[in-house]
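Here's the structure, in structure tokens; my notes come after.
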Amino acid sequence: MDKYVIELEGKVLEVGGGSRPLFHPNIDIQKLPTVDVVHDLEKFPYPFGDEEFDGILGMYIIEHISWRKVKRFIRELYRLLKPGGKVILLTANLLEQCRKIMHYGINESTVEMLFGSQEFKPSYLGCHKCGFSPSYAEDLFKEAGFRVRIISPMPTVYYKDIPIYPECKTDMIIEAIKPAIKVDKLNIGSFTVMIPGNDWLNIDIIDLSKFAEQHGYNFMQHDVRRGLPFRDNSISFINASHLIEHLSVEEGRKFLKECYRVLKKGGKLRIGTPDLRKIVDAYVKNELDKFNSIQPPEYRQASNADKVWRLIASPSRQDVPAPPDHKTIYDFEALKEAL
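Numbered per my numbering, the sequence shown spans residues 868 to 1206.
As structure tokens, this is what we get:
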């Protein structure tokens, strides 16, 4: 990408625009003629209503928010945006800054780059209080519920036809979109067995966006091992069919904690997974043939030992030995304990 054009439509809020805002209202800690709302950006909430803005712009502001408060800052941006609204943030890429310091060493220029140099009266020291890599920024915004795109390194930034910032290897752009649908229910590990409805979001680690678009499903590609990108107490129902057995014991525990975090009070989690007790019981009773109808043809010709292996481990290839797709298996009591 050789250039990036700031494209925000409708009612747009600029955060920390200082003396050179592109949009109004401009909220900033400084008392300036160009500032419409004077407010400390580390004090929440901001003096605006829920879902008031179509877009939000912040150019080199998020790194001035304390690392202790940056998650709250991102949640505040989410609150202010209308569904389908977009946030554009320009910020430093701390990872690339560190690489630059390793190459050039510590000097006045690299120290200024790392810590910042904005100072103004009465006593504001505009030092950097937080730092981001592309992956860390993506995780933070997904956790708040955004769909995220990171542009790194930062190309030349334009507003309309005017270049406003030159390309910079140590900077990046965070583009975050608040989902247009109000998600209330999740179908996690959906594969192609997706659930229709405007309040349902189907999630899978595999990119099934084309399939979902063709059939009219809401879909998001996401690895749940990185957490669930939704706010606390925001979801009423989670369906997770044949997912948890693909996670390690520790990954499974983290996933269940995330489900609990995002579920509303009284919300429901439905888990479908192979039952170890039923499989072992069928093996002991020599009744594994009763699973023939839900297994591939080669299962029927397999020995009992091979059948029980296939049911428990679900190898990726049925005709040759392969690492198991399943990392764990539960019976009711084990899953109840994990919950």
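C-beta: ideal position from N, C-alpha, C; glycine also. Please read these numbers as outputs of a predicted model, since none were measured by experiment.
#### Entry: Residue nearest to Ile923 in terms of C-alpha spacing, selected from Leu947, Met980, Met1087 and Gly998
When only C-alpha atoms are compared, the closest one is Leu947.
### Message
Among Met1039, Glu943, Lys1009 and Thr901, whose alpha-carbon lies nearest the alpha-carbon of Thr958?
### Response
Out of Met1039, Glu943, Lys1009 and Thr901, Met1039 has the C-alpha closest to the C-alpha of Thr958.
### Query
Apart from the five residues just before and just after Leu1007, which ones in its own chain have a Cβ nearer than 8 angstroms to its Cβ?
Around Leu1007: Val937, Lys938, Ile941 and Phe999.
### Query
In whole angstroms, what separates the C-alpha of Asn1065 from that of Ile932?
Their backbone Cα atoms lie some 35 angstroms apart in a straight line.
### Query
In three-state DSSP terms, what is Thr958?
Thr958 falls in the strand class under three-state DSSP.
### Query
What residue ranges within the stretch 999-1055 form continuous beta strand (DSSP E) runs of no fewer than 3 residues, ordered along the chain?
Within the stretch 999-1055, the complete beta strand (DSSP E) runs of at least 3 residues fall at 1014-1018, 1023-1026, 1029-1032, 1038-1044 and 1052-1055.
### Query
Mapping DSSP to helix, strand and coil, what is Glu881?
In the structure shown, Glu881 falls within a strand segment according to DSSP collapsed to helix, strand and coil.
### Cβ neighbours of Trp1233 in the same chain (closer than 7 angstroms, five flanking residues each side left out)
No information on residue 1233 is available, as it lies outside the stretch 868 to 1206 that the chain covers here.
### Query
In three-state DSSP terms, what is Ala1169?
In the structure shown, Ala1169 adopts coil according to DSSP, grouped into three states.
### Alpha-carbon to alpha-carbon, Tyr1084 and Ile928
Rounded to whole angstroms, the separation of the alpha carbons of Tyr1084 and Ile928 is 36 angstroms.
### Query
Which of the three DSSP states, helix, strand or coil, is assigned to Gly1119?
Note: Gly1119 maps to helix in three-state DSSP.
### Query
Terminal residues of the continuous alpha helix (DSSP H) containing Phe944?
In the sequence under discussion, the amino acid at residue 944 is Leu, which differs from the Phe named in the question. Segment Val937 to Leu947, the alpha helix (DSSP H) holding Leu944.
### Whole-angstrom distance between Ile896 and Tyr913, CA atom to CA atom
Rounded to whole angstroms, Tyr913 to Ile896 spans 12 angstroms at the Cα level.
### Runs of beta strand (DSSP E) lying entirely within the stretch 1064-1098, each at least 3 residues, in chain order
For the stretch 1064-1098, whole beta strand (DSSP E) runs of length 3 or above, ordered along the chain, are 1067-1071 and 1086-1088.
### Among Ile1055, Pro892 and Lys910, the one whose alpha carbon lies nearest that of Val904
Measuring from the Cα of Val904, the nearest candidate turns out to be Pro892.
### Query
Going by Cα to Cα distance, which pick from Asp1148, Lys1131, Gly883 and Ile1105 is closest to Gln985?
With distances taken between Cα atoms, Gln985 lies closest to Gly883.
### Message
Considering only the alpha carbon of each residue, which of Glu943, Ser1076 and Lys1131 lies closest to Leu908?
### Response
Check the Cα spacing between Leu908 and each of Glu943, Ser1076 and Lys1131: the tightest is with Glu943.
### Query
What residues match up with Gln985 in a beta bridge as DSSP calls it?
DSSP, once it has assigned bridges, lists Gly993 as partnering Gln985.
### Task
Write down the C-beta distance between Asn1106 and Ile1055 rounded to the nearest angstrom, noting that I regard them as a contact closer than 8 angstroms.
Right, their Cβ atoms sit about 7 angstroms apart.
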